[in-house]
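Numbering (the numbering used here), first residue to last: 1 to 246. Glycine included, each C-beta is placed from N, C-alpha and C at the ideal position. Please read these numbers as outputs of a predicted model, since none were measured by experiment.
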Amino acid sequence: PQLCKVHRQETGDRSQAWEAESPHQTNPQGQAVGAVKVSVGAASIQVARGGNALLPCNYHTTASLSRLNIIWTVTPLAEPNRPQQVLAYEQGEVVESLSQYTGRVGFAFPPAQSATIFLNKTRSSDSGTYQCSVMNPPDRDTPNIGVIQLTVLVPPSSPECSSEGSGEEGGDVHLSCAVREGVPAPSFSWEKIPPDKQPLVMSYTEARRALLTLQNLTAATSGLYRCTASNALGSSSCALQLHVRL
1 PQLCKVHRQE TGDRSQAWEA ESPHQTNPQG QAVGAVKVSV GAASIQVARG GNALLPCNYH
61 TTASLSRLNI IWTVTPLAEP NRPQQVLAYE QGEVVESLSQ YTGRVGFAFP PAQSATIFLN
121 KTRSSDSGTY QCSVMNPPDR DTPNIGVIQL TVLVPPSSPE CSSEGSGEEG GDVHLSCAVR
181 EGVPAPSFSW EKIPPDKQPL VMSYTEARRA LLTLQNLTAA TSGLYRCTAS NALGSSSCAL
241 QLHVRL
């Protein structure tokens with residue numbers, strides 16, 4: 001296949017340069033042979049929030065391209081019951097949906113060569129299952145579909161530290177550390193500053209919250225406690241001062 005190069009794709013104040021092989025081959029006589037074959041190359045793609053994603057979708061057809069139809073749809077991770085159209089190519093024209101993708105999405109190459117699209121300035125709400133459907137009659141008119149899972153990665157937000165309990169000698173206190181967001185789900189760690197000889201063991205951890213329980217409080221339990229939330233994109237911390245009442 002020949003090399004296809006698109007030098008600029010404007011989107012707002014951003015431009016992208018893409019280069020890849022054009023996978024599309026046609027029968028010069030436009031004869032229908034078999035069905036449209038679609039391949040996406042990658043089952044899942046990850047991108048940091050605010051970055052740009054390239055969603056590959058290549059197709060092979062033996063028919064003329066006069067009736068080529070490409071439709072990209074998404075089932076959002078946050079709204080699985082509300083699939084929506086992202087971008088389409090119909091009757092020789094690119095059709096951009098009036099949605100959150102407006103101005104951020106486009107074909108990376110001429111649709112007659114590839115169905116690959118780009119998605120700029122990604123948001124958390126862009127995470128979901130994307131489907132690339134290609135039809136090109138008279139090749140078999142059952143659409144051939146490629147599926148890609150897009151995950152937009154987000155660093156942990158600044159955690160919030162809080163405490164519950166009387167804080168009296170001999171009693172218990174619960175130290176809570178919670179974040180509003182973070183993809184993948186962050187891991188948590190608690191530490192005392194300066195550290196004790198005994199490591200701190202969390203009593204409860206979920207996707208966005210970690211709980212540390214301190215039992216049988218003594219004067220030595222008083223001090224500064226720090227929680228750190230971390231994932232592949234970074235880490236963030238909060239701290240609180242504990243005073244045990246004697």
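Worksheet entry | 8 Å contact criterion, which residue 178 and residue 208 should meet: CB distance rounded | Numbered from its first residue, the sequence shown carries residue 178 at position 178. Numbered from its first residue, the sequence shown carries residue 208 at position 208. The Cβ separation is near 6 Å, so the contact holds.
Worksheet item: Among the residues of its own chain, which have a CB less than 6 Å from the CB of residue 38, if the five just before and after it don't count?
Response: Indexing the sequence shown from 1 puts residue 38 at position 38. Excluding sequence neighbours, residue 38 sits near 59, 134, 144 and 146.
Worksheet item: Does the beta-carbon distance from residue 152 to residue 114 come in below 9 Å?
Response: Translated into the one-based positions of the sequence shown, residue 152 becomes position 152. Translated into the one-based positions of the sequence shown, residue 114 becomes position 114. No. Outside cutoff.
Worksheet item: To the nearest whole angstrom, what separates the beta carbons of residue 150 and residue 53, a pair I think is in contact under 8 Å?
Response: Residue mapping note: residue 150 aligns to position 150 of the sequence shown, counting from 1. Residue mapping note: residue 53 aligns to position 53 of the sequence shown, counting from 1. About 6 Å separates the two Cβ atoms, so the contact holds.
Discussion item. DSSP three-state label for residue 30, please.
Written reply: As a first step, residue 30 must be located in the sequence shown, where it is residue number 30. Summary for residue 30: the model assigns pLDDT 44, below 50, so the residue's position carries little reliability, and this model does not support an answer.
Worksheet item: If we ignore side chains and look at the alpha-carbon of each, how far apart do residue 243 and residue 168 end up?
Response: If you number the sequence shown from 1, residue 243 lands on position 243. If you number the sequence shown from 1, residue 168 lands on position 168. Rounded to whole angstroms, residue 243 to residue 168 spans 9 Å at the Cα level.
Fill in: Continuous beta strand (DSSP E) assignments of at least 3 residues falling wholly in the region 163-231
173-178, 187-193, 204-206, 209-214 and 223-231
Fill in: Enclosing beta strand (DSSP E) for residue 130 [first to last residue]
Here residue 130 refers to the residue found at position 130 when the sequence shown is read from its first residue. It spans 128-135 - the beta strand (DSSP E) in which residue 130 sits, taken as one unbroken run.
Worksheet entry | Residue burial classification, residue 234 (beta-carbon count within 10 angstroms, cutoff 16) | Position 234 of the sequence shown, counting from 1, holds the residue named residue 234. So residue 234 ends up on the exposed side.
Worksheet item: Excluding sequence positions up to five away, which residues of its chain have a Cβ less than 6 Å from the Cβ of residue 89?
Response: Numbered from 1 along the sequence shown, position 89 holds the residue referred to as residue 89. The answer, listed in chain order, is 70 and 111.
Worksheet item: Is it true that the CB of residue 159 sits closer than 9 Å to the CB of residue 229?
Response: Your numbering for residue 229 matches position 229 in the sequence shown. Your numbering for residue 159 matches position 159 in the sequence shown. Result yes, Cβ atoms of residue 229 and residue 159 sit closer than 9 Å.
Worksheet entry | Cβ neighbour criterion (16 or more within 10 Å) applied to residue 51 | Your numbering for residue 51 matches position 51 in the sequence shown. Residue 51 is exposed by the Cβ-count criterion.
Practice prompt. Kindly list the residues whose CB is nearer than 6 Å to the CB of residue 85, restricted to its own chain and excluding five residues on each side of it in sequence; keep chain order.
Written response: The residue given as residue 85 occupies position 85 in the sequence shown. Only 73 and 97 meet the Cβ criterion.
Practice prompt. Report buried or exposed for residue 156, applying the criterion of at least 16 other Cβ atoms within 10 angstroms of its Cβ.
Written response: On the sequence shown, residue 156 is found 156 positions in, with the first residue counted as 1. Buried, since its Cβ has 16 or more Cβ neighbours within 10 Å.
Fill in: Expected contact under 8 Å - CB spacing of residue 200 and residue 212 to nearest Å
Taking the first residue of the sequence shown as 1, we reach residue 200 at position 200. Taking the first residue of the sequence shown as 1, we reach residue 212 at position 212. With a Cβ gap of about 6 Å, residue 200 and residue 212 count as contacting.
Worksheet item: Candidates 95, 124, 137 and 138: which alpha carbon is nearest residue 117's?
Response: Along the sequence shown, read from residue 1 onward, the residue named residue 117 stands at position 117. Of the candidates 95, 124, 137 and 138, the one whose C-alpha sits nearest the C-alpha of residue 117 is 95.
Worksheet item: CA-CA distance, residue 101 and residue 132?
Response: Position 101 of the sequence shown, counting from 1, holds the residue named residue 101. Position 132 of the sequence shown, counting from 1, holds the residue named residue 132. In a straight line, the C-alpha of residue 101 is about 16 Å away from that of residue 132.
Item to complete: Could you tell me the distance, in whole angstroms, from the CA atom of residue 107 to the CA atom of residue 130?
Response: By one-based count along the sequence shown, residue 107 stands at place 107. By one-based count along the sequence shown, residue 130 stands at place 130. Approximately 14 Å, taken between the alpha carbons.
Discussion item. Let's see if you can read the secondary structure: which residues bound the beta strand (DSSP E) around residue 60?
Written reply: Locating residue 60 in the sequence shown gives position 60, counting from the first residue. It spans 58-60 - the beta strand (DSSP E) in which residue 60 sits, taken as one unbroken run.
Worksheet item: How is residue 25 classed by DSSP in three states: helix, strand or coil?
Response: Position 25 of the sequence shown holds residue 25. Because the pLDDT at residue 25 is just 44, under 50, the model does not fix this residue reliably, and the value given afterwards should be weighed accordingly. Reduced to three states, the DSSP call for residue 25 is coil.
Worksheet entry | Pair within 9 Å by beta-carbon distance, residue 82 and residue 76 | By one-based count along the sequence shown, residue 82 stands at place 82. By one-based count along the sequence shown, residue 76 stands at place 76. Yes; because the gap between Cβ atoms is below 9 Å, this pair is in contact.
Item to complete: Verify whether the separation of the beta carbon atoms of residue 174 and residue 182 is less than 9 Å.
Response: Here residue 174 corresponds to residue number 174 of the sequence shown, with the count starting at 1. Here residue 182 corresponds to residue number 182 of the sequence shown, with the count starting at 1. Cβ distance not < 9 Å, so residue 174 and residue 182 don't count as in contact.
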